[in-house]
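Just add 37 to the spot in the sequence shown (first one is 1) and you have our numbering.
Positions of the beta carbon are idealized from the N, C-alpha and C atoms, including for glycine.
In this text, all values refer to a predicted model and were calculated from it rather than measured experimentally.
Single-structure report; data block below.
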Amino acid sequence: MLNLTKSAEAFAEAKTLMPGGVNSPVRSYANVDCNPPFISHAKGSKIYDIDGNEYIDYVLSWGPMVVGHAHPAVVKALQEAAERGTSYGAPTLLESELAKLVMSVYPSIEVIRMVNSGTEATMSALRLARGYTHRDKIVKFIGCYHGHSDSLLVKAGSGLATFGVPDSPGVTKGVAADTITVPYNDIDAITRVMDEHGDEIAAIIVEPVAGNMGLVLPKQGYLAKLRELTEKHGTLLIFDEVMCGFRASLGGAQAAYGITPDLTCLGKIIGGGLPVAAYGGRRDIMNCVAPAGPVYQAGTLSGNPLAMTAGIETLKIITAEPEPGEPDYSRKLTLQTKKLVLGFERLAKENGVAVQVHQAGSMFGMFFNENDVYDYATSAASDQQKFKVWFKTMLENGIYLAPSQFETIFMSGAHTDDDIDKTLAAAEKAFAAVAKASK
Ligand code: HOZ
């Protein structure tokens, strides 16, 4: 039995200090009816709690720790950077270095602006799209999550899907009215909306690989259709690759599916575990951002030297040329992820548990569902009770997963074959527990 005594005490105190005891809702474990482990430290593929438990970590800070926790090269560069000062609020060479690294992998990004969080990136990209097109309305897809700015908190995924409240109080009716929502992967629905309102719509924003209603892949031809419709109506296409950037493939979903968006939002990995995100894209659009143009957006900690350093070191590792005959970093992660995906599918079958397992590069997700999952409605129909049993058994057996079917899990370069074997051994027990509980 997992001992979480100290974590439970810490959580009781935290609840008196922060809403629900946390600074971001899904971490509370409220939907899986247990207390969250309080983390003391992490190294490589492992994360440790204050009770002394060790887990193999597939949350990886919700994605960014792609080279593993506390990678020596990242830590060393951060220590050296801290000696030179932690914030200047002034231009540095580091900002240009990270910009060039990102652009080397994302040719659609001709000009980039660094910000501090995915929310800030998507919110700013939308303002830019509205300023550029002189239109007010936007389209988002039900179950996609683009951070917590007002326009985008409408029929949203992630924590809102987890807690069953896809709309948030506090978002005004006026703002919500400018956000048109459409089911993901439904070509007829988006075609109808664009035919009716296309000339009022500033942007379609999409997670090209959706990661916040669980991992849901775009159907064949879907992203190409979005590109075609946006071009036809003079609407901008914004890819929110905060989660799938550098993960669906090194060049993100846009490289994996061969679609060039007008604007891209990135986050997570480009900060290597520090708060960095960015939006960027076509030069003529990006040059509307202040001070090059009139669309205002600013930030004291934007381009922060520590954050840039962590991003640069992380991207250097994952973009490095492989040894001759070896797969590149991204391909290695994909292959490791595939081992888990195949293992989960096999074990589920052996235990008579119906699951849908999805993979996009080094991201993966599993639904307790007999049917295909391709949008929010089909994802939401997944069995929550089975997920809870699975999740708790995995945790008891030292595997740290996202505490919700509506999140994605991730692989890092620090995960070894031994980690995979241990994870599959735990999964065998977890599927057996699910099968038993379902009888
Ligand atoms: N909504 C975030 C994941 N998609 C949660 C992040 C966090 O709690 O740290």
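Note that the segment 181–201 does not touch the segment 366–383; fewer than 3 beta-carbon pairs, one per stretch, sit closer than 8 Å. Separation of K353 and L138 (C-alpha to C-alpha, rounded to the nearest whole angstrom) is 8 Å. Beta-bridge partners assigned by DSSP to E91: Y85. A check of alpha carbon separations from S124 across T272, N90, L343, S77 identifies L343 as the nearest. Judged by DSSP secondary structure, H270 falls within the alpha helix (DSSP H) whose first and last residues are 259–270. Comparing alpha-carbon positions, the option among D412, A464, G330 lying closest to F178 turns out to be D412. Note that the C-beta distance between A158 and Y316 is below 8 Å.
The beta carbon of P359 is closer than 6 Å to those of D365 in its chain, skipping five residues each way along the sequence.
If you look at R383, you'll find it in the alpha helix (DSSP H) that goes 366–387. Put simply, the residues with a CB less than 6 Å from any heavy atom of the ligand HOZ are S61, V63, R64, W99, S195, G196, N249, E444, in chain order. By alpha-carbon distance to E233, the top candidate from Y221, G248, I217, V246 is I217.
Membership of A397 in the beta strand (DSSP E) is indicated by the continuous run 393–397.
Cα atoms of G308 and M151: separation of roughly 10 Å, rounded to the nearest angstrom. Here the alpha carbon of Q442 sits roughly 15 Å from the alpha carbon of V471. Looking at L260, D454, P73, the one whose alpha-carbon comes closest to that of N90 is P73.
Sequence-distant partners of A239 (beyond 5 residues in either direction) whose C-beta falls short of 6 Å from its own C-beta, in its chain, are A166, R167, T170, R172, I175. Residue environment analysis places H78 among the exposed positions, since fewer than 16 neighbouring C-beta atoms fall within 10 angstroms of its C-beta.
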